[in-house]
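One structure is given here, and the rest of the page talks about it.
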Amino acid sequence: MNLLWNTFLTVLCWTLFAISVVGIKRLFYHPLSKFPGPPLAALTLWYKAYYDIIMDGGWSEHLEYLHGIYGSIIRVAPGELHFSDPKAYNEIYGMGTKFTKQPELYTCFATDLSVFALFDHHEVTQRRNLIGPFFSRRAIMKLESAVQSKVDMLVSRLLRCHPDKKSTNLDLAFRSTSLEIITSYCFAKSANAIDADNFQHDILQAMDQTLPMIWVFKHFPLIKRLLLSVPESFASVLKPSTTGILEQRKQMGAQIDEILKDPSSLENVEHETIYHHFLTPQPENQRMPPITRDWLLDEGLYMRFAGSDTVGNTCTVAAYHILTNPDIHDRLAQELKAAWPEKDLTAGYETLEKLPYLTAVIKESLRMAHGVVTPLPRVIEQTDAEISGASIPKGTVVSMGATIVHHNPRIFPDPSRFYPERWLQEDSQELDKYLVSFSKGPRSCLGINLAWCELYLILGTIFRQLCLVPDNPTIENVSYREYFVPVHRGRQLHVYVQPRVD
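According to this note's numbering, the sequence shown is numbered sequentially starting from 20.
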């Protein structure tokens with residue numbers, strides 16, 4: 020018994036000694052020890068895990084607090100720095116930078132074979148060259164009718180709620196529409212999201228319930244591997260909220276199986292899909308790796324996820340601020356009426372994108388909705404780099420969140436105010452480089468052209484054809500927690516809907 024006790028004490032002492040040595044090294048002798056920040060963050064990754072998991076997606080919010088204390092460059096983990104100088108954003112993410120994605124964040128979405136989770140620069144370039152033409156402006160204009168038809172479906176669906184004299188969940192309505200658009204555009208299929216009861220589609224509910232799991236997957240990757248390794252039926256028992264996601268994988272997998280078995284089936288779809296680009300690559304992409312079912316599935320799931328939340332959230336932010344600011348509402352309505360006198364006809368994307376105030380409203384909505392709210396980590400791999408005037412050692416993880424840029428009062432005075440007029444001033448073009456909702460540089464969002472088309476058509480059509488009255492609106496309608504994208508916790512935006520008469 021004494022031998023066992025002595026062995027335990029010896030192991031304990033050596034463990035505490037090792038922890039102490041590592042702690043002293045990280046605090047005082049690490050290459051990043053010269054940078055300020057909370058000591059606990061310099062000691063352990065559990066500091067960030069606490070804010071991600073225990074504080075319910077509170078890391079981005081905490082970062083703003085830390086920058087207020089420690090300055091523009093702070094150490095937020097043993098090997099990681101975060102920046103708040105707006106110029107640093109382009110130095111980290113802009114064109115010409117060759118920093119590599121840090122795997123821990125990008126592999127927690129269980130789409131490891133998608134372009135989103137690729138790390139090799141050559142591989143990323145190949146994949147983006149393959150997918151990019153499908154999301155070019157030219158391609159968007161060609162398939163604009165597919166987007167417009169879904170927006171028209173949304174208007175009809177909202178008007179069907181009108182006789183009930185009950186308020187409608189506009190947040191879910193917008194997200195259902197963006198889900199329907201990305202599904203139709205990429206796969207020539209319908210998700211039947213707009214017709215779902217109360218807009219509560221299974222996929223949206225599953226996303227809301229499973230998104231908080233990404234921080235668990237990030238900090239405890241074994242849990243993700245276990246969930247993905249068990250049979251789907253068992254996984255849905257362990258975590259019932261995954262049922263919608265698993266059903267989505269099943270449906271998309273069935274479509275892929277059909278295409279791989281008989282590629283000629285693509286000739287029967289109503290318009291070109293993303294699978295046409297994957298299965299019939301251009302000559303410059305002939306050296307792509309062999310097409311596999313898992314690759315197509317991961318890419319498809321990523322596109323559906325990426326394309327269904329950013330636009331929906333931005334529309335909700337726009338609608339809330341338009342409906343709670345009469346001056347903004349009136350000015351937008353007047354501009355739309357002047358450019359679109361016959362409201363029962365279709366105005367079109369090219370007409371709407373030329374409207375300055377609608378454009379300003381969309382930009383301000385993107386600024387306050389942020390897009391991806393989690394700082395996207397990059398690794399300085401090859402040599403030391405200079406960021407924000409400081410020499411950053413090789414091997415350091417660096418990042419800067421979009422919220423930090425969009426809330427900077429030197430660039431956007433009174434940043435918490437929804438003020439579209441800031442985008443209409445003489446020097447407003449300078450602001451465009453600080454609108455980073457779709458990120459910047461070689462890893463920026465592939466779907467940016469589709470997103471802009473959706474935003475113009477949805478917001479332009481809704482506020483030209485419908486009269487919306489908010490049901491007890493509060494700032495809670497657009498408050499969120501950070502789970503890569505904003506996840507709204509409070510009461511969602513509800514409106515009463517009537518057809519516009521003028």
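Yeah, the Cβ is synthetic: ideal placement off N, Cα and C, and Gly gets one too.
| field | DSSP three-state assignment for M411, whether helix, strand or coil | value | Checking the displayed sequence, the identity of residue 411 turns out to be Ile instead of Met. Three-state DSSP puts I411 in a strand.
| query | Does the region 315 to 324 touch the region 189 to 208, meaning 3 or more C-beta pairs lie closer than 8 Å? | reply | yes
| request: In the DSSP assignment, find the alpha helix (DSSP H) that holds Q484 and state where it starts and stops. | output: I467 to Q484
| message | Within the continuous alpha helix (DSSP H) that includes H81, where are the two ends? | response | W78 to Y89
| message | The alpha helix (DSSP H) that contains H101, what's its start and end? | response | Careful: H101 lies outside any alpha helix (DSSP H), inside the beta strand (DSSP E) at E99 to F102.
| Got a sec? Which residues, its chain only, sit under 6 Å from V424 by beta carbon, not counting five neighbours each side? | P105, Y108, Y453 and V455
| message | Under 8 Å, with one C-beta from each stretch per pair, do the region 358 to 366 and the region 457 to 468 reach the 3-pair mark? | response | no
| request: Would you mind sorting S103 into buried or exposed? The rule is 16 or more other CB atoms within 10 Å of its CB. | output: buried
| Range of the contiguous alpha helix (DSSP H) that encloses H513 | First-last for H513: H513 to P518, but that is the beta strand (DSSP E), not the alpha helix (DSSP H).
| task | Under 8 Å Cβ to Cβ from T292, same chain only, skipping five residues before and after it: list those, please. | result | C205, F206, A207 and L285
| task | Decide if the region 478 to 490 is in contact with the region 141 to 151; the criterion is three or more beta carbon pairs, one per stretch, under 8 Å apart. | result | no
| From A60 to K169, what does the alpha carbon distance come to, in whole angstroms? | 47 Å
| Residue interval of the alpha helix (DSSP H) (run including I159) | R156 to K161
| message | Across the region 486 to 498 and the region 510 to 519, are there enough close Cβ pairs to call them in contact, namely three or more that are closer than 8 Å? | response | yes
| field | Whole-angstrom distance between K185 and T343, CA atom to CA atom | value | 19 Å
| said: Less than 8 Å between the beta carbons of A379 and E440, yes or no? | reply: yes
| With distances taken from CA atoms, which of I399, E405 and M419 is nearest L413? | The residue asked about is misnamed: residue 413 is Lys in this sequence, not Leu. Ranking I399, E405 and M419 by Cα distance to K413 puts I399 first.
| query | So I505 is in the beta strand (DSSP E); what residue range does that whole segment cover? | reply | Checking the sequence shown, residue 505 turns out to be Pro, not Ile. P505 -> beta strand (DSSP E) spans V504 to V506.
| message | Does D227 pass the burial test, meaning 16 or more other C-beta atoms within 10 Å, or should it be called exposed? | response | buried
| request: Measure from the alpha carbon of D451 to the alpha carbon of each residue in T333, A404 and E383, then state which is nearest. | output: E383
| field | Strand pairing of S203, partner residues [DSSP] | value | DSSP, once it has assigned bridges, lists no residue as partnering S203.
| If we ignore side chains and look at the alpha-carbon of each, how far apart do E289 and A210 end up? | 15 Å
| Is P182 buried or exposed, if buried means 16 or more other CB atoms sit within 10 Å of its CB? | exposed
| Own chain residues within Cβ distance below 7 Å of Q219, not counting five before or after | L191
| request: Would you kindly work out how many angstroms separate the C-alpha atoms of G509 and P231, rounded to a whole number? | output: 15 Å
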